[in-house]
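Working notes, structure below.
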Amino acid sequence: MPNTLLFIAIFVCQIWLLSFYLPHRYTNRINYLLEHFPESQYPKLYPESEEKAKSVKTIYLTMNYLMLLIGVALLCYFSLFDGSYQQKEKFLDALPLFYGMCQFLPIAYLEIAGRNQLKLMRLTDKRTHRKASLTPRSLFDYVPQWLIAGVALAFLGSLFFDLYINNWQFTEKVTIKLGSLIATNVLFGAIAYYHLYGKKCDPYQSETDRQKVTQHTIYSLSAISIFVSLFFAAQTFVNHFDLSYAEIIINSLYFQILAIASFVNIARGLDVKTMDFSGYKKD
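In the working numbering, the protein residues as written are 6 to 288.
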């Protein structure tokens, strides 16, 4: 019974946070843009049209409502109609993980739509004179050294903990986790490098706003990297000591923290109330 209640509590929190609360925070940002920076005055902000932005918002919300209904249906089925937690323990422990992947699909859609809009902005930018930034682009101009050291220590700590649990042998599980951690950090490093040295994604973005986005993105990637390393170590601990009741907490918190970190990065790096939109005005 306690494990059943734990599953319900954690899963309800995940459903509410990822498929209701955060989506509405995202759409509030879009609504603010539409209200305060209309296409008639800021045409460069809408490379297709204002209606396209509204359409993206509607599709994004619809996808989240669908995920919400699926989550509620799964919750009702497994908690009310399909026996006890113990009978479905292995599946229910993994459910937050698999469902969480589905909950990130609307965010992926929003990201792709945003990238497409930025691509159109670059294609429609007819300016012949562009200012080159002389702002320093060193990694440590944006984040402190201790944070990058924390990323490295978390990575090494997770690796050595896995090896210790497995008697210092590179078993198949250790190799897979090591490969996953390396791939994750290489991806994050590539994203950080692009923000530091890559071409400007938004041609109309002010240099101050670009620096803010870069800083918060690298902070967010560093924090997520540390968390992923800790998540892998926690999974190793749970599996080694057969603490199956704790797995549902770890799997669900994993996606909840990732979602919060992603939103905080966007909210702070691209605060629509403090951004400089002068570059998007009508000529």
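Glycine included, every Cβ here is placed at the ideal spot set by N, Cα and C.
Legend entry - MET68 - DSSP class collapsed to helix/strand/coil: Here residue 68 is taken as the residue at index 63 of the sequence shown, counted from 1. Taken through DSSP and simplified to helix, strand or coil, MET68 comes out as helix.
Legend entry - Whole-angstrom distance between MET72 and ILE117, CA atom to CA atom: One-based indexing of the sequence shown puts residue 117 at position 112. One-based indexing of the sequence shown puts residue 72 at position 67. If I take the Cα positions, the gap works out to 19 Å.
Inset, instruction - Identify the continuous alpha helix (DSSP H) that holds ASN171 and give its terminal residues. - result: Walking along the sequence shown from the start, residue 171 turns up at place 166. Here ASN171 belongs to no alpha helix (DSSP H), and DSSP marks it neither H nor E.
Inset, instruction - Answer with buried or exposed for GLU252, where buried requires no fewer than 16 other C-beta atoms within 10 angstroms of its C-beta. - result: Here residue 252 refers to the residue found at position 247 when the sequence shown is read from its first residue. That one is buried.
Inset, instruction - Count the CB pairs spanning the stretch 176–194 and the stretch 104–116 that are closer than 8 Å, and state whether there are at least three. - result: These segments do not touch.
Legend entry - Per-residue burial, THR67 [other beta carbons within 10 Å of its own, 16 or more giving buried]: Counting from 1 along the sequence shown, the entry for residue 67 is found at position 62. Classification for THR67: exposed.
Inset, instruction - With DSSP collapsed to three states, give me the class of LEU248. - result: Residue 248 sits at position 243 when you count from the first residue of the sequence shown. Three-state result, LEU248: coil.
Inset, instruction - Return yes when the Cβ of LYS49 is within less than 7 Å of the Cβ of TYR209, no when it is not. - result: For the purposes of this step, residue 209 is identified with residue 204 of the sequence shown, where counting begins at 1. For the purposes of this step, residue 49 is identified with residue 44 of the sequence shown, where counting begins at 1. Yes; because the gap between Cβ atoms is below 7 Å, this pair is in contact.
Inset, instruction - Thinking ASP281 and ASP207 are a contact (beta carbons under 8 Å), I'd like their distance in whole angstroms, please. - result: By one-based count along the sequence shown, residue 281 stands at place 276. By one-based count along the sequence shown, residue 207 stands at place 202. Going by Cβ atoms, the distance from ASP281 to ASP207 rounds to 12 Å, so no, they are not a contact pair.
Inset, instruction - With LYS178 as the anchor, note down where its alpha helix (DSSP H) starts and where it stops. - result: Within the sequence shown, the letter at position 173 stands for residue 178. Per DSSP, LYS178 belongs to the alpha helix (DSSP H) from 177–202.
Legend entry - Outcome for ASP247 when other beta-carbon atoms lying within 10 angstroms are tallied against a minimum of 16: Taking the first residue of the sequence shown as position 1, residue 247 is located at position 242. When all chains shown are included, ASP247 counts as exposed.
Inset, instruction - Could you please give the first and the last residue of the uninterrupted alpha helix (DSSP H) stretch that includes PRO111? - result: For the purposes of this step, residue 111 is taken as the residue at position 106 of the sequence shown. For PRO111, the uninterrupted alpha helix (DSSP H) segment begins and ends at 110–129.
Inset, instruction - Report yes if the CB atom of ILE223 is closer than 7 Å to the CB atom of VAL148, and no otherwise. - result: Against the sequence shown, residue 223 aligns to sequence position 218. Against the sequence shown, residue 148 aligns to sequence position 143. Yes, the Cβ-Cβ distance between ILE223 and VAL148 is below 7 Å.
Legend entry - CB contact flag (GLN19, SER257, <7 Å): Sequence index remark: in the sequence shown, residue 19 carries index 14 (1-based). Sequence index remark: in the sequence shown, residue 257 carries index 252 (1-based). Contact: yes.
Legend entry - Span separating the alpha-carbon of LYS286 from that of GLU44: Indexing the sequence shown from 1 puts residue 286 at position 281. Indexing the sequence shown from 1 puts residue 44 at position 39. Between LYS286 and GLU44, the C-alpha separation is close to 9 Å.
Legend entry - Alpha-carbon to alpha-carbon, HIS245 and VAL191: Taking the sequence shown and counting its residues from 1, the one referred to as residue 191 is at position 186. Taking the sequence shown and counting its residues from 1, the one referred to as residue 245 is at position 240. Computed Cα separation, rounded: 28 Å.
Inset, instruction - Note down the Cα distance separating PRO28 from ILE262, rounded to an integer number of angstroms. - result: As a position in the sequence shown, residue 28 is number 23, starting the count at 1. As a position in the sequence shown, residue 262 is number 257, starting the count at 1. Taking the straight line joining both Cα atoms gives about 15 Å.
Legend entry - Boundaries (first-last residue) of the alpha helix (DSSP H) holding THR32: Here residue 32 refers to the residue found at position 27 of the sequence shown. 27–41 is the span of the alpha helix (DSSP H), which, as asked, contains THR32.
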